[in-house]
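Note sheet for the following structure.
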Amino acid sequence: MADEEFSGATELAHKTTTKIWRVWRTTHEMCKDRGYEISDAEIQVGLDEFRRQYTGVDGLPEYVLPNPRHTTWLSREEHEDCDSRSRLKFTARPSDHMNKLHMPAPTKDTPNPDTEAGNVWVEFLNSESFGTKEIRRFIEFCSNNHYRSGILVSHLPISAAARKMISATQSFTNVEVFLEDDLLINITHHTLVPKHILLSRDEKIALLKRYRLKETQLPRILVKDPVAAYLGLKKGNVVKIIRKSETAGRYASYRICV
Amino acid sequence: MTDKPPSTDPTKKPLKGILKKSKFIHPEPQAELDESIVSRAKASQTALQHANIIADRKRFQKHVLDCIIRLAELPEARNPPYSAEKPSESDAAEFKALIRAFQPSDFDDLVEERNVTGLCGYTLCGNPRLRYKGGDWKLHNNVIVKKAELERWCSQDCARRAMYVKVQLNETATWERAGIPSILIDLMDERARTDEEKVEQKMARIELDDRRRAAQDSEALAMERESTKRSIQPRMDIPIKEKMVTTAAEAPSLQEDEDADTDIHMMIEGHRVKTQGKKNQGVDGAT
Ligand SMILES: [Zn+2]
Numbered sequence: 001m002a003d004e005e006f007s008g009a010t011e012l013a014h015k016t017t018t019k020i021w022r023v024w025r026t027t028h029e030m031c032k033d034r035g036y037e038i039s040d041a042e043i044q045v046g047l048d049e050f051r052r053q054y055t056g057v058d059g060l061p062e063y064v065l066p067n068p069r070h071t072t073w074l075s076r077e078e079h080e081d082c083d084s085r086s087r088l089k090f091t092a093r094p095s096d097h098m099n100k101l102h103m104p105a106p107t108k109d110t111p112n113p114d115t116e117a118g119n120v121w122v123e124f125l126n127s128e129s130f131g132t133k134e135i136r137r138f139i140e141f142c143s144n145n146h147y148r149s150g151i152l153v154s155h156l157p158i159s160a161a162a163r164k165m166i167s168a169t170q171s172f173t174n175v176e177v178f179l180e181d182d183l184l185i186n187i188t189h190h191t192l193v194p195k196h197i198l199l200s201r202d203e204k205i206a207l208l209k210r211y212r213l214k215e216t217q218l219p220r221i222l223v224k225d226p227v228a229a230y231l232g233l234k235k236g237n238v239v240k241i242i243r244k245s246e247t248a249g250r251y252a253s254y255r256i257c258v
Numbered sequence: 259m260t261d262k263p264p265s266t267d268p269t270k271k272p273l274k275g276i277l278k279k280s281k282f283i284h285p286e287p288q289a290e291l292d293e294s295i296v297s298r299a300k301a302s303q304t305a306l307q308h309a310n311i312i313a314d315r316k317r318f319q320k321h322v323l324d325c326i327i328r329l330a331e332l333p334e335a336r337n338p339p340y341s342a343e344k345p346s347e348s349d350a351a352e353f354k355a356l357i358r359a360f361q362p363s364d365f366d367d368l369v370e371e372r373n374v375t376g377l378c379g380y381t382l383c384g385n386p387r388l389r390y391k392g393g394d395w396k397l398h399n400n401v402i403v404k405k406a407e408l409e410r411w412c413s414q415d416c417a418r419r420a421m422y423v424k425v426q427l428n429e430t431a432t433w434e435r436a437g438i439p440s441i442l443i444d445l446m447d448e449r450a451r452t453d454e455e456k457v458e459q460k461m462a463r464i465e466l467d468d469r470r471r472a473a474q475d476s477e478a479l480a481m482e483r484e485s486t487k488r489s490i491q492p493r494m495d496i497p498i499k500e501k502m503v504t505t506a507a508e509a510p511s512l513q514e515d516e517d518a519d520t521d522i523h524m525m526i527e528g529h530r531v532k533t534q535g536k537k538n539q540g541v542d543g544a545t
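Here the protein sequences come in this chain order: B and G.
Per the numbering used here, the very first residue in the first sequence carries number 1; after that it's consecutive.
Per the numbering used here, the very first residue in the second sequence carries number 259; after that it's consecutive.
This is the structure:
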């Protein structure tokens with residue numbers, strides 16, 4: 001009986017670990033695609049190695065270990081309640097290319113402005129509720145440690161008030177929230193999703209000049225569009241979208257983020 | 259009909275048509291300069307005003323958010339003799355004071371925020387919210403209800419208490435009605451419990467000086483209409499002058515003149531639509 005329960009719990013734990021491993025990998029790919037310095041080795045962590053690094057001693061995730069308060073193994077609900085994502089956090093530096101990409105316009109006072117890109121802090125939500133308390137802690141952590149942006153990957157939907165809190169502090173700390181389920185697969189790897197490339201400020205100006213366009217005349221992409229969210233686009237950013245066409249080869253179009 | 263203005267007096271500025279901008283056709287260059295400076299100053303003042311309004315709105319939104327965070331922690335007094343039905347004085351007062359700024363949607367956010375921490379959605383209740391096992395739907399009083407809806411509260415009493423407050427909230431945005439003194443929120447359990455209390459409450463209300471209340475009402479109304487200094491000052495001075503009429507007043511008539519121009523409004527791309535009455539007249543004219 002105990003054996004059966006144990007194997008059931010183990011199987012579930014392994015499933016959860018596999019899921020988190022995939023999300024972990026997509027999160028790294030996403031940071032790399034945004035221009036942060038992430039090595040291929042960091043992305044290509046195998047499942048076994050991931051299990052060794054981020055779970056308990058026996059290769060079992062920490063949360064499947066017997067709870068001292070219980071004589072039996074944890075039930076399904078219980079080990080979902082346990083602290084299981086506490087080790088999943090990392091930081092990354094922007095690459096030179098990314099620094100250039102996020103260079104603001106020079107002004108009279110600052111002819112050589114500093115790049116707006118900065119270090120990113122990534123963390124997985126390690127709690128069983130996701131309200132203002134959790135998001136406040138995360139925002140404060142990011143701003144106290146001078147991270148330019150923070151990404152919180154959550155297994156729970158965020159509350160409306162917490163979301164409002166993010167937008168209220170957006171001008172100081174740029175915080176983004178992703179659902180684990182949305183990062184199980186990398187959408188940009190799908191064959192039907194064309195390649196999106198963020199343009200720098202100068203490239204955007206050159207584009208508008210060349211086609212004699214106003215910003216408002218460009219086709220649009222929504223901030224909440226999955227690809228826009230993946231690339232962390234802000235309002236006013238322009239992306240070049242490269243599609244493959246059977247008749248025309250490759251062709252590019254442009255969209256402005258609104 | 260002539261539109262000529264009565265510019266017989268040369269010292270007077272000529273009156274202008276409504277489509278022309280006065281500053282561009284002003285005869286004196288010095289005055290033009292002055293006016294453009296004035297208009298630029300006005301424009302920047304307007305821009306500043308609007309920036310202030312937006313900043314104000316942000317401040318109010320922040321305020322509501324802070325209220326949600328605070329109210330999600332209530333009540334302070336969770337143990338008997340206090341309960342959702344009989345909350346402590348300070349909890350009830352704080353709830354009523356902070357909830358005033360809320361719109362119904364903010365109230366829903368508050369309920370959600372409390373639910374996230376496992377509390378009953380009603381602010382003055384310290385009980386944990388209900389949790390059911392099983393599917394998305396639940397049979398409740400012989401009605402099928404969404405489980406999530408039931409799980410927002412600890413009991414149906416609390417659901418009713420919350421609704422009682424929610425329906426009193428105003429749909430208009432916070433920044434438009436901030437500071438309106440007449441918004442007072444009642445709690446369900448405060449409805450007078452005995453007749454004596456009822457009378458007492460009524461007496462208290464009557465005591466309010468009628469005149470003072472009228473003044474308050476009109477002030478609240480004015481504020482609602484954004485007309486006090488607090489919300490928006492007059493953006494631009496737009497003087498409206500009546501045009502002098504020199505010709506004798508003429509009663510409007512449906513009769514058509516000989517002149518085709520007068521019924522030009524009946525023409526569609528140069529073609530006159532023939533109505534019943536006109537047709538007869540047209541025939542008459544042809545013969
Ligand atoms: Zn309750």
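No residue lacks a Cβ here, since even glycine has one placed at the ideal position from N, Cα and C.
Presumed contact (8 Å Cβ cut-off) between residue i and residue j, rounded CB distance
i, j, result
"B/R93", "B/N126", "Not quite, the Cβ-Cβ distance comes to about 24 Å (not below 8 Å), so this is no contact."
"B/I197", "B/E176", "B/I197 to B/E176, Cβ: 20 Å. No contact."
"B/R243", "B/M103", "The pair is not a contact, with the Cβ atoms about 28 Å apart (cut-off 8 Å)."
"G/Q319", "B/A248", "So it is not a contact: roughly 48 Å between Cβ atoms."
"B/A117", "B/R148", "7 Å"
"G/L382", "G/A350", "6 Å"
CB contact below 8 Å: residue i versus chain G
i, result
"B/K240", "no"
"B/T132", "yes"
"B/N67", "Unreliable placement is indicated for B/N67, whose pLDDT of 38 sits below 50; the coordinate value is still reported in the next sentence. Not one chain G Cβ lies under 8 Å of B/N67."
"B/K235", "no"
"B/S154", "no"
"B/S143", "no"
"B/S129", "yes"
"B/M165", "yes"
"B/S149", "no"
"B/S200", "no"
"B/S86", "no"
Continuous alpha helix (DSSP H) stretch holding residue i: start and end
i, result
"G/N400", "No alpha helix (DSSP H) holds G/N400; DSSP gives it neither H nor E."
"G/A351", "347-357"
"B/S167", "160-168"
"B/D40", "40-43"
"B/D282", "Limits of chain B in this structure are 1 at one end and 258 at the other, which puts residue 282 of chain B out of reach."
"B/L101", "96-101"
"G/R419", "414-424"
Collapsed DSSP secondary structure at residue i in the structure displayed
i, result
"B/K108", "coil"
"B/A229", "helix"
"B/C257", "strand"
"B/K195", "strand"
"B/L184", "coil"
"G/L377", "strand"
"B/S259", "Shown here, chain B extends from 1 to 258; a query on residue 259 of chain B therefore has no answer."
"B/F133", "The sequence shown places Lys at residue 133 of chain B, not Phe. In this structure, B/K133 counts as helix in the three-state DSSP scheme."
"G/M446", "helix"
"G/A509", "coil"
"G/L329", "helix"
"B/K214", "coil"
"G/W411", "coil"
"G/R317", "helix"
"B/T16", "helix"
Residue-level contact to chain B via CB, residue i, 8 Å cutoff
i, result
"G/D367", "yes"
"G/Q319", "yes"
"G/T504", "no"
"G/L381", "At residue 381 of chain G the sequence reads Thr, which differs from the Leu that was named. No - not a single Cβ of chain B is within 8 Å of the one on G/T381."
"G/V374", "yes"
"G/L427", "no"
"G/L323", "yes"
"G/E371", "yes"
N-terminal and C-terminal residue of the beta strand (DSSP E) that residue i is part of
i, result
"G/L368", "No beta strand (DSSP E) holds G/L368; the alpha helix (DSSP H) holding it covers 362-374."
"B/N174", "174-179"
"B/V153", "149-154"
DSSP beta-bridge partners of residue i
i, result
"B/F90", "B/V122"
"B/K240", "B/I197, B/Y254"
"B/P157", "B/P157 pairs with nothing; no bridge assigned."
"B/I221", "B/C257"
"B/K32", "BP columns for B/K32 are empty, so no partner."
"G/K246", "Lying before the first or after the last residue shown, residue 246 of chain G is absent from chain G, which here runs from 259 to 545."
"G/P386", "G/L377"
>> Strictly closer than 6 Å from CB to any heavy atom of ligand 2: give me those residues in the order they appear in the chain.
In response: As for ligand 2, it is missing from this structure, which binds only ligand 1.
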